[in-house]
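Residue numbers (the numbering used here), protein chains in the order written: chain A, 10 to 335; chain B, 10 to 335; chain C, 2 to 343; chain D, 2 to 343.
We put the beta carbon where it would ideally sit given N, CA and C, even for glycine.
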Amino acid sequence: MVEITYRDAVIRGIAQEMQRDEDVVFLGEDVAKAGGVFKATVGLYEQFGPLRVRDTPISEQAILGAAMGAAMTGLKPIAEIMFSDFFAVCFDYIANEFPKSRYMSNGQLKCPLVVRTGNGAGSRFGAQHSQSVENWCMMIPGLKVVAPSNPRDVIGLLAAAVRDPDPVIFLEHKSLYATKGEVPDGEIVDTLGSAKIVRPGRDATILALALMVPRAVEAADKLKAEHGIDCEVIDVRSLVPLDTRTILGSVSKTHRLFTVEENPRLCGWGAEIVSIVADEAFYDLDGPPVRITTPHIPLPAADILEDAVLPTPARIVDRVKTTLNG
Amino acid sequence: MVEITYRDAVIRGIAQEMQRDEDVVFLGEDVAKAGGVFKATVGLYEQFGPLRVRDTPISEQAILGAAMGAAMTGLKPIAEIMFSDFFAVCFDYIANEFPKSRYMSNGQLKCPLVVRTGNGAGSRFGAQHSQSVENWCMMIPGLKVVAPSNPRDVIGLLAAAVRDPDPVIFLEHKSLYATKGEVPDGEIVDTLGSAKIVRPGRDATILALALMVPRAVEAADKLKAEHGIDCEVIDVRSLVPLDTRTILGSVSKTHRLFTVEENPRLCGWGAEIVSIVADEAFYDLDGPPVRITTPHIPLPAADILEDAVLPTPARIVDRVKTTLNG
Amino acid sequence: MALQSDRANGGSGLNDDIGEAKRLELYRTQVTIREAEQRAYDLFLQNLVKGTSHLSLGQEAVAAGFAGAMQKGDLSFCTYRGHAHTLARGVSVEKVLGELMQRDNGLMRGKGGSMHLTSADHGVMGSYAIIGAHLPIACGAAWRAQYKGQKDVSVCFFGDGTTNIGAFHEALNFAAVWKLPVVFVCENNLYMEYTPIGDVTAVHNPAGDRAGSYGLEKIVIDGNDADAVYRTARAAYDKARAGRGPSLVECLTYRHSGHSRADPAKYRPEGELERWKERDPIKIYRERLLQFGIGEKVIEAIDAEVRNVVDTATETCKAAPMPPMDILTTDVYADGGWAWRN
Amino acid sequence: MALQSDRANGGSGLNDDIGEAKRLELYRTQVTIREAEQRAYDLFLQNLVKGTSHLSLGQEAVAAGFAGAMQKGDLSFCTYRGHAHTLARGVSVEKVLGELMQRDNGLMRGKGGSMHLTSADHGVMGSYAIIGAHLPIACGAAWRAQYKGQKDVSVCFFGDGTTNIGAFHEALNFAAVWKLPVVFVCENNLYMEYTPIGDVTAVHNPAGDRAGSYGLEKIVIDGNDADAVYRTARAAYDKARAGRGPSLVECLTYRHSGHSRADPAKYRPEGELERWKERDPIKIYRERLLQFGIGEKVIEAIDAEVRNVVDTATETCKAAPMPPMDILTTDVYADGGWAWRN
Ligand SMILES: Cc1ncc(C[n+]2csc(CCOP(=O)(O)OP(=O)(O)O)c2C)c(N)n1
Ligand SMILES: Cc1ncc(C[n+]2csc(CCOP(=O)(O)OP(=O)(O)O)c2C)c(N)n1
Ligand SMILES: [Mg+2]
Ligand SMILES: [Mg+2]
């Protein structure tokens, strides 16, 4: 066991996989010699050399296209897109190429790659560098989508993503890079598609992802201590595959559902899960399922404004309390 | 009154607005001299001349970027993106530029433009030319999104979109181009943000959009005739702004909700509306709200396969019947 | 449009670096494409080809020459206008027509359709229907070869109109900087869909005049002369295999048919089609064969054989079943299925 | 990096087509940018500038020269590295620092942040943080001018690294084909974020060597000499206003600071910064003024005035309130609000 940052977990996760398999290669803007703008790839260039860790031009389409071509023909590339907002300049690969080529070719082509990216708000970067884009990916058939909330999951899910034979979008939260957590020694390999109950409870289920997980846990602790409401917090971790078993199981126990989403309100992962639960577990629900989200607006830059829009522990507490107490 | 095709309604809608306002200009690939690949812009070049109706290179980013710059500075451009799947090669404008510049500039910049596109399946074009991308747009704060189901709405909603001061995504359904409908003479102007009850009913609410509207109506007729189930069919028409009043009003009357979506299953507009209803009208619901969607897969090309994946009247009938009869 | 460079003494070459066997192969490939495409058009008129389809009638020499110079293991990346390149790599006419007819015997059993022909076994690593998308993808395949020390070349085909999209620029720069073994082949057939390329392009040679932006040589060749194409291809592949980086080749050619399906191509100026038909690649190549002393009989035998293959394939496809419903949800993910949840 | 073209006899020009008043304006603009940027850095160290910020220290001559040659009504399109261009159009230091400090007195009241400075009243039509996005947008503004017969020019600033992204290519071709009154200004400061531009670019001059791809003249100038910049700008604007289409100008320059915020710029080879500091644009321009007989006193007076403006602005911003919560949901839509439902 050792305590490391989420940022260092990214480095360790990539290194673990590159060490294991020579076919794992890594490319992106400023990722090699400079170690990445979030310093989340420092040392990889030195350790694995210029053939396996490569700086690219500012050409997101070339980055993802090249990753795909390499993946199709035998490598296991990890591509970095610096900010997830930039998915918009290479979205054709994410929406139309990666996820469709296996199906269209009736199984002849494969696309085993990982796209890592800095996702989410909290850095006061404004509307074009702060978005949570998990739904941009979840909505596309053929992708897998994960978003770790802590250093251990970073390593384990990254390993699972690299070893997975399908294209995986790996969303790292920018505001978590500096946070710390314990990780076991030695190789860590997790499985995609498993949610984690991070705090068991009886009165309501709260689903959260990435940065929202610690906030949901904090809220749950307060709800217990101050209001006697015992919430089960689930770290969804993987949006595709989605661990509906764990989620439906929890709702069948607590009978109430809350989702805590950082992405803007419309068509988020919360809407998808609420719809699944409303359809498949309607009679388990004792009251309306509630989504707690960022409002449906572009993100403001100023710290004081940005802090006001993302779901906070206080807002979660308030919303859960008011909903449950009628 | 005259009966015209959906395709001709597009022509008439654009012409109506170009005639009214010299600042309305139109650009896209093969739209001018050739009249568009769907022949939905035939004659506009001849009528309005080469300065107002312009052919572009295959440069979707340039098309949308140019439309935005023109809109910011005083024109009211209509831009065509030939197939909605190609939103993926210019998604930065749709997700990051159009919808954010007004907010980021604190109201200094404006973006009054319309992006028209051929959306949806049914032409046996395969996975990269058949998608329904309404959720790609609905999920982005700052956009407006409409999808007409008939010639009259094409003209009226297009006029509303052109006159709207915000960026509007206008989704024309490729499989509707050849369909016909009555339209009144003279100018037609509709309003964004209003759904339409196209078939009143008491037993269940069915929401549909674009190509799914006639299918839902056909299903409702069958459900009534053959099973005595009286469904209210609502043509959602406008996803943003969303007419939640009409939708919630209907559910409060019928107590049951079905959505019929062409887009793949996860994070569609159906999920959003189901979540709104589950949250705000939970106690109005007599049973689980059900989404009828295309399965979460890329679209196959073969006619026989494509026909099997989109929601059909038969599938709607079956799903509604089984759900309501327990 | 005049030739601006004829790099390898191609068009009129009387030297015999190509040889009879290769010449017969190039001829056979061109005729196969011609006959198969013509058949596809007929089947379309009979409503047996569904969806869309983009023929390469008139552009056969490009496909034949580039494929003819490839080695086994070299990779082709095509567009929606990819039947020709797929056939040129040796994929059977039956498999191609089967896909166009959306039958179970098609290359992808009807799941992909005419725009996405793929035959990994033959090195056809997909046909891509979003303009420009496959240029970066070809770079990636070439990067794999470079990284693994493998000697195959990735060859990427696209049209003149494609040179104006962003992905073209990103791929060319990327390939040049990384010195990748990739060959970019622009088939300049003078039109994007219906719009003349000159109306929407700032330079005369959409690919050739841009090679300099990537530190590459300007190469513009007669795309209707399979020998010229073949020689250029060979040189570009040699360069790639030798680790000397990418090439960008612009082939001047013309499509005899419309852009797709029922396009009557009314946007073409009078006489243009006729002028190009005088330079029909198959006509040119027949004359070439005769010039090199290959007899009419041999040529006619090939013609007959090809026609026979296409006829048989047509009948097989007509008799082939439609794809079964159980393939609808297969191969979304690598486990063979489509489960996005547990 | 040597100058490859000095179009308008810029660098050393002793002719006096510029004149004293304009020269003093160019100087004042450069000093204003220098002082304001330096202050932004200090405030960042005091944790009063939040988020990110990208300084143009060392690149002042580009901003001053291009803005100095503009007329009222001409439009600027900037990147995240846009403070300099915003100030150069006459936006107050207070409004810029206010936005960097995310105060209510900022240009956009803290809603946009340092990367999105916008002042429509001054013709600053936004600063764009997605590389390449604003090149097509500038085309659109120029299209409007062309269509309406208005005489303003749209000027679009971006870095060397931006020349490798797809939108650059699409915009340049589009502008050239439509002959739009737009001027593309590439500030080649030798680096993208931390990576030398030469490591990732197939040509030596990332913009200049690509002008030919769009039928444009290669223009590479000394970006540290405000006179050279000014003269080039004037010529490009004249061309645009005369309906003779776009220009692409590469300005050779260097940023003295890191890419953003706390970047210590360790990736720079030893001595590089020092060599460029010898060619500090403000140093160069002071000498130019003296050369043209403008006295030390005049220069010092400007320096003092500017320092005073920046000091006052700093104090005003420090005292300014944070933005109020009620602006959070304003101006998403044109009705002033954010309602996506009824
Ligand atoms: C990104 C994108 N934009 C537009 C289209 C529609 N489209 C299909 S083919 C075509 C013309 C392509 O022209 P060119 O590259 O010259 O190839 P050709 O068809 O002549 O072989 C267009 C515009 C597309 N498939 N993808
Ligand atoms: C599409 C996109 N990719 C990457 C980035 C991250 N990024 C911000 S600035 C920058 C470097 C830009 O270099 P250059 O164009 O030379 O401008 P400079 O910063 O040197 O002024 C990068 C890669 C971005 N903002 N947008
Ligand atoms: Mg073409
Ligand atoms: Mg730079």
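Where residue i falls: helix, strand or coil (DSSP)
i	result
D:K278	helix
B:T14	strand
A:V51	coil
B:P160	helix
B:H182	strand
D:S6	Below a pLDDT of 50, predicted positions are generally treated as unreliable, and D:S6, at 37, falls in that range; no measurement from the model is reported.
D:V307	helix
B:R125	strand
C:Y129	strand
B:S284	helix
C:T80	strand
B:I23	helix
A:I306	coil
D:S1	Residue 1 of chain D falls outside the range modelled here, since chain D spans only 2 to 343, and no answer is possible.
D:D43	helix
Cutoff 8 Å; reference residue i; Cβ partners in own chain excluding five residues on either side
i	result
B:M148	C276
B:S184	G129, A130, G131, S132 and L220
C:Y195	H260, D264, A266 and Y268
6 Å Cβ shell around residue i - same chain, five flanking residues per side excluded
i	result
D:E251	C187, N189, N206, A208, G209 and V221
B:D32	L84 and K85
C:A130	Y81 and M116
D:L98	A314 and C318
C:K219	G209 and A212
D:V92	S120 and H123
A:G44	T50 and V51
Strand pairing of residue i, partner residues [DSSP]
i	result
A:S261	Partner(s): none; A:S261 has no beta bridge.
A:R300	A:T268
A:D64	A:G37
B:E289	In DSSP, B:E289 forms no bridge with anything.
C:N189	C:L253
C:C157	C:F78 and C:F185
A:L251	C:R342
Spatial neighbours of residue i in its chain, beta-carbon cut-off 7 Å, leaving aside the 5 residues before and after
i	result
A:E7	Residue coverage of chain A in this structure runs from 10 to 335, which leaves residue 7 of chain A outside it and unanswerable.
B:D162	D199 and R246
C:E26	G69
A:M81	L118, K119 and C120
C:K278	H257
### Query
Could you give the uninterrupted runs of the alpha helix (DSSP H) lying entirely in the region 163 to 242 of chain B, keeping only those of 4 residues or more?
221 to 236
### Query
Are the region 154 to 172 of chain D and the region 44 to 61 of chain D touching by the rule of at least three beta carbon pairs closer than 8 Å?
no
### Task
Run through the region 246 to 293 of chain C for me and flag every whole alpha helix (DSSP H) of 4 or more residues, listed as ranges in chain order.
273 to 279 and 282 to 292
### Task
For the region 196 to 250 of chain D, list the alpha helix (DSSP H) runs that are entirely contained and at least 4 residues long, ordered along the chain.
227 to 242
### Query
Are three or more beta carbon pairs between the region 101 to 119 of chain A and the region 187 to 199 of chain A nearer than 8 Å?
no
### Task
For the region 236 to 244 of chain D and the region 139 to 155 of chain D, state whether three or more C-beta atom pairs, one from each stretch, are separated by less than 8 Å.
yes
### Query
Are the region 281 to 289 of chain B and the region 21 to 36 of chain C in contact at 8 Å, needing three or more beta carbon pairs?
no
### Query
In chain order, which beta strand (DSSP E) runs of at least 3 residues are fully inside the region 87 to 132 of chain B?
123 to 128
### Query
With a cut-off of 8 Å, do at least 3 Cβ pairs link the region 148 to 166 of chain D to the region 47 to 57 of chain B?
no
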